[in-house]
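Working notes for the structure below.
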Amino acid sequence: MSVKFVNTTTTPNLVNVHINALEPGNLIVRLEYVTSQDHIEQIRRGEATVDNVELLIKPHQARKIAEGLSARRN
């Protein structure tokens with residue numbers, strides 16, 4: 001399962017969040033980001049790409065994240 005999240009936060013450097021489910025219950029989360037306004041301009045001109053980092057999220061961590069997100073909605 002792959003999910004793409006479009007950034008709606010006020011964090012200007014975060015571009016996209018990609019979440020991929022692995023077995024058994026682990027998630028890979030890839031955060032795509034830019035480092036500066038110059039970086040953004042280079043991307044627009046096709047001279048650069050976004051930077052990214054991948055995180056392995058274990059099932060117990062995923063539950064805590066989900067609980068935190070649920071609490072923010074209430």
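Read in order, the letters of the sequence shown correspond to residues 1 to 74 in this note's numbering. No residue lacks a Cβ here, since even glycine has one placed at the ideal position from N, Cα and C. If you're wondering where the values come from, they're calculated on a predicted model, not measured in any experiment.
Quick one: residues in its chain with C-beta nearer than 6 Å to the C-beta of Met1, no 5 flanking neighbours on either side, listed in chain order? Only weak support exists for where Met1 lies, its pLDDT of 48 falling under 50; the value from the coordinates is given anyway. Hits under 6 Å: Ala21.
Rounded C-alpha distance that separates Ala48 from Glu54: 19 Å
Could you give the DSSP three-state label for Arg45: helix, strand or coil? coil
Distance, Ile28 Cα to Arg63 Cα: 14 Å
Do Ile43 and Val50 have their CB atoms nearer than 9 Å? yes
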